[in-house]
Amino acid sequence: MAELVIRDADVVDGSGGDSYRADVVVDGGRIVSVVKEAAAAGCQRPVARRELDAEGLVLSPGFIDMHAHSDLALLRDPDHSAKAAQGVTLEVVGQDGLSYAPVDDRTLAEVRRAITGWNGAGDDVDIDWRSVGEYLDRLDRGIAVNAAYLIPQGTVRMLAMGWEDREATPRELDRMREFVADGMREGAVGMSSGLTYTPGMYAKDAELTELCRVVAEHGGYYCPHHRSYGAGAIEAYREMVDLTREAGCPLHLAHATMNFGVNEGRAPELLALLDKALDEGADISLDTYPYTPGCTTLAATLPSWAGEGGPQALLERLADDATAERVRHHMEVVGADGCHGVPVDWDTIEVSGVSDPALGDFVGRTVLESARLRGESPWATARGLLLGDRLGTTILQHVGHEENVRAIMRHRVHTGGSDGILQGARPHPRAYGTFPRYLGHYVRELGVLSLEECVAHLTSRPAARLRLPDRGLVREGYRADLVLFDPATVAAGSTFEAPRTLPTGIPHVLVDGRFVIEDGRRTDVLAGRAVRGNAR
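Heads up, the sequence shown stops at 536 in my numbering, and the numbers go up one at a time, no gaps.
Encoded structure:
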């Protein structure tokens, strides 16, 4: 007898087609049968050791978060309700060109400091791996949801040549190719870049193209945070399209937004660029989060030249008055490349988290607000934060446009990605709310997408990008990564004021056929494992 039958569910199967009523039988971690309209047909209904009445609930494939920053959170927090409670059953980590494998001891220490604002210092995680394969093996010991990994190009560059702003030598490029090839063979699904983050942003197109060729040879895709989401955004998108077409590598555009005042209403230009490339045969997809503000670290907004040499060199430059004045000029007058070429508006930068609890009074205020309270210039406040918090400050950037968000989420290659940073006292609510917000706000309340379309965006489309042959659809033989939600009540609970509030209307989530959320509560099940690209 099978383990579980989910009875009388309204199945939205991930294909984009119409929903249907069915009994779905799960056994051994897989869907073993889907019996449509069993009650109406009067046929013998499937039985199992356990029966779950799904009357009034939608059953869909588990959601795939195409852009997650849970690299350490998956290990630090076995509960991981931030994602499990949303119905996420697979996350893609290793994003934005900076993560924890492959590394050596020196590089690991530098990475930990550079992305403390994303993942914490890592002191509470035993980082006992150095290679991609070893990191994936660590995930296989048991995590809340499944995870796939992108090789971080910035970390690879750091490992091969440090933090220098120059072209790689032939030998250094060969080392980078080798690191990428090894990571792909060990199970990575592709490579990421953070081209507004040091040191990855120091790479020229020719270097990136060569690494993308290696990724393509191993069946992966390239996921760039490209060089600008502000001034020159369209040109930056075009650069990535052209680069990957030359390399013969599939392209997935990370958090594909059009932000800052210079891009208000310009989403149709981006979509026209992508449509032209797609019609000409390019292999492109993208992800977005359903919010207008962005989230990053305060240090990431600085000019690239200030970060050459690594985090300690950056702190020394900030401590020097003359150099700090140069940084201010680039930030406020020129438009730093770290801030997407746009002169900074300190009233749009809200501090969301600090590493040093003594700096907690800054959280929830913009830099401009804190500067006024302190009777100093915004740059003085920002500089003091960067130095006092040792670059660990996270921020929200209130620079997005709702019409752009809606236009891009309708696109034929769109998928969902939370870009969820779980650190800080007041993290961006997208970390806890992205997927129920799509279903509740943009489907039920606004009708931007139909329910069937939206579920396809969050399930089968990302599974296709990841080339996973048995995920993303409710089909016989597919893995039983499933979510049951109430379409009338599903909603994000998280807000900017209370960002860690869990969603409503998602009573059950299964990973590998096991309940990780049951009756709206997190179980103690750790059914997640690494999803390896070389196991397609």
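Don't be surprised by glycine CBs; every beta carbon is placed ideally from N, CA and C.
- Cβ neighbours of Met161 within its own chain (closer than 7 Å, five residues either side excluded): Ala168 and Glu172.
- For Asp65, the enclosing beta strand (DSSP E) covers residues Phe63 to Asp65.
- Counting every other CB atom within 10 Å of its CB across the protein chains shown gives Ala267 a total of 16 or more, marking it as buried.
- The segment 102 to 118 makes contact with the segment 151 to 158, as at least three CB pairs between them are under 8 Å.
- By alpha-carbon distance to Gly97, the top candidate from Ala254, His508 and Val525 is Ala254.
- As the crow flies, the alpha-carbon of Arg514 is around 49 Å from that of Pro170.
- Take Asp79, set aside five residues on each side of it, and the residues of its chain with a beta-carbon closer than 8 Å to its own are Ala144 and Arg522, in chain order.
- The beta-carbon separation of Val399 and Gly294, rounded to 6 Å, stays under the 8 Å limit for a contact.
- Secondary structure remark: continuous beta strand (DSSP E) runs of at least 3 residues inside the segment 223 to 289, in chain order: 251 to 253 and 284 to 288.
- Nearest in C-alpha terms to Ser193, of all of Met201, Glu186 and Gly187, is Met201.
- Around Gly520, the same chain offers Pro507 as residues with beta carbons nearer than 7 Å, after the five sequence neighbours per side are excluded.
- In terms of Cα proximity to Leu159, the closest of Leu108, Arg113 and Ala121 is Leu108.
- Taking 8 Å as the upper bound for CB-CB distance, Asp53 and Arg7 are in contact here, some 5 Å apart.
- Annotation note: the segment 140 to 198 contains the following uninterrupted alpha helix (DSSP H) runs of length 4 or greater, listed N- to C-terminal: 153 to 161 and 170 to 185.
- Here Gly28 is exposed. Its C-beta has fewer than 16 other C-beta atoms within 10 Å.
- When secondary structure is reduced to three states using DSSP, Gly353 falls in the strand class.
- The criterion of a C-beta distance shorter than 8 Å is satisfied by Val483 and Val509.
- With a threshold of 16 other beta carbon atoms within 10 Å, Gly190 meets it and is buried.
- The beta carbon of Arg383 lies closer than 7 Å to those of Leu318 and Ala324 in the same chain, with the five residues before and after it left out.
- Comparing alpha-carbon positions, the option among Leu449, Leu466, Gly447 and Val443 lying closest to Ala216 turns out to be Leu466.
- At a Cβ-Cβ threshold of 8 Å, His428 and Ser370 do not count as neighbours.
- Assigned with DSSP and collapsed to three states, Ser81 falls in helix.
- Ranked by Cα distance from Leu273, the options Ser418, Val443, Arg238 and Asp321 are led by Arg238.
- By the CB criterion at 8 Å, Tyr432 and Thr501 fall inside the cutoff.
- Fewer than three pairs of CB atoms, one per stretch, sit closer than 8 Å, so the segment 414 to 427 makes no contact with the segment 328 to 347.
- The three-state secondary structure of His398, taken from DSSP, is coil.
- Look at Tyr202 here: in three-state DSSP terms it is helix.
- Secondary structure at Phe435: helix, using DSSP grouped into helix, strand and coil.
- Across the set Gly417, Thr288 and Pro311, the C-alpha of Gly417 shows the shortest separation from the C-alpha of Ala68.
- In the three-state DSSP reduction, Ser460 falls in the helix class (H, G or I).
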